[in-house]
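One structure is given below, encoded as structure tokens.
Protein chains in written order, with the working numbering: chain A, 1 to 256; chain B, 1001 to 1068.
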């Protein structure tokens, strides 16, 4: 099996899909803030967060190369496994009807109402034309979602440049797609099948996490590179079984 | 500073939703780390997948049953 493709394609897909979900969530808040408070300081806040995130990556990236690869893979693999299982668990519970599906339109309306009431309540912070509220809200959401994207890219690409480059390209592609859609549509992307994406990403990240934990232990995976797609298939099967089992035990109560 | 606290909280929240799931996965991985020299490669690989899968199944099923 071609080592580049067996690792690069899952890296690119995992980073793209995970980043897509995060970017959609950030876009919803950015649109809500911008439509109520104006675009100038909203976009400035988002841009400032992107610059800060890039600076953090530039500072941390070289430092990570000094960490022994096995240790890095072990630690990152464990974190990635926890991250992936968390997403997968939530996606399973949503798919089986135990947790409500995320609704971007409702989230947009809720955020818009919150910023509108802040504007009319007189508690807004506007000093010399600088809208701290819009800047801060946009900065915060991009920082929060962006931190997740950075972690996903670094974790998925923990195997070195051969995986870090496709993971970075996947995240960049997601950012460009969502930015373009946001500019064209000017409304939240409610039709993105978020839970299906989260389900798929949870499967991929859990598989990557397990793979890196093994590599970190010095394990020579049976089947070498084939172990990764096998792990993906096995986690997918487990998740589908979980949806069936949880669906069968549905009590009728759905949590938000 | 408020956003930094929130970022830290969100960072922790990235990995921990069901605390029991996270704790048991960590214990499982640590146990395999110590057991690995004494069991074969196949057994280690199998344990690395079956443990987290079973823990995930139990965690989701527990939530579904209790509606926690």
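Beta carbons: idealized from backbone N, C-alpha and C, even for Gly.
Fair warning: this is a prediction, and the values are worked out from it, not measured in the lab.
Rounding to the nearest angstrom, what Cα-Cα distance links residue i and residue j in this structure?
i	j	result
residue 172/A	residue 1036/B	38 Å
residue 80/A	residue 132/A	35 Å
residue 170/A	residue 164/A	10 Å
residue 1025/B	residue 1051/B	8 Å
residue 1041/B	residue 1030/B	16 Å
residue 39/A	residue 101/A	29 Å
residue 221/A	residue 1057/B	24 Å
residue 187/A	residue 84/A	29 Å
residue 168/A	residue 1059/B	32 Å
residue 1068/B	residue 113/A	Bear in mind that a pLDDT of 49 at residue 1068/B, under 50, signals an unreliable position, so the number given afterwards is only what the model happens to contain. When rounded, the distance between both Cα atoms is 29 Å.
residue 108/A	residue 134/A	15 Å
residue 197/A	residue 37/A	31 Å
residue 14/A	residue 1005/B	28 Å
residue 93/A	residue 1034/B	33 Å
residue 1/A	residue 9/A	For residue 1/A, the predicted structure reports a pLDDT of 44, less than 50, and the residue's modelled location is therefore unreliable. A value from the coordinates is still provided. Approximately 13 Å, taken between the alpha carbons.
residue 203/A	residue 242/A	12 Å
residue 140/A	residue 247/A	36 Å
Against chain A, with Cβ distances strictly below 8 Å, would residue i count as a contact?
i	result
residue 1063/B	yes
residue 1035/B	no
residue 1048/B	yes
Residues of chain B with a CB under 7 Å from the CB of residue i: which are they?
i	result
residue 85/A	1021, 1025, 1052 and 1056
Using a C-beta to C-beta distance shorter than 8 Å, which residues of chain A count as neighbours of residue i?
i	result
residue 1045/B	214, 219, 221, 222 and 227
Going along chain A in order, which residues have a C-beta closer than 7 Å to the C-beta of residue i?
i	result
residue 1060/B	89, 92, 93, 242 and 246
Do we get a CB-CB distance below 8 Å when we pair residue i with the residues of chain B?
i	result
residue 48/A	no
residue 1/A	For residue 1/A, the predicted model reports a pLDDT of 44, less than 50, meaning its position is unreliable and no value from the coordinates is stated.
residue 10/A	no
residue 196/A	no
residue 53/A	no
residue 144/A	yes
residue 105/A	no
residue 101/A	no
residue 231/A	yes
residue 81/A	yes
residue 238/A	yes
residue 78/A	yes
Find the residues of chain B that neighbour residue i, judging by a C-beta separation of less than 9 Å, and give them in chain order.
i	result
residue 151/A	1011 and 1014
residue 148/A	1010, 1011 and 1014
residue 206/A	1052, 1053 and 1056
residue 96/A	1060 and 1064
Using a cut-off of 8 Å between C-beta atoms, extract the partners of residue i located in chain B.
i	result
residue 115/A	Within chain B, no residue comes near residue 115/A; the closest Cβ sits about 16 Å away, beyond 8 Å.
residue 42/A	Chain B residues near residue 42/A: none, gap ~16 Å exceeds 8 Å.
residue 210/A	1048, 1049 and 1052
Below 8 Å on C-beta distance, what does residue i contact in chain E?
i	result
residue 234/A	Within the model displayed, chain E is absent; protein chains A and B are what it includes.
(request) May I ask you to list, following chain order, the residues of the stretch 1006-1029 of chain B that have a beta carbon less than 9 Å from some beta carbon of chain A? (result) Residues are counted here when their Cβ sits less than 9 Å from a Cβ of chain A; for the stretch 1006-1029 of chain B these are 1006, 1007, 1010, 1011, 1013, 1014, 1015, 1016, 1017, 1018, 1021, 1022, 1025, 1026 and 1029, given in chain order.
(request) Give, in chain order, every residue of the stretch 24-36 of chain A whose Cβ lies closer than 7 Å to some Cβ of chain B. (result) Against chain B - using a Cβ distance shorter than 7 Å - the stretch 24-36 of chain A contributes no residues.
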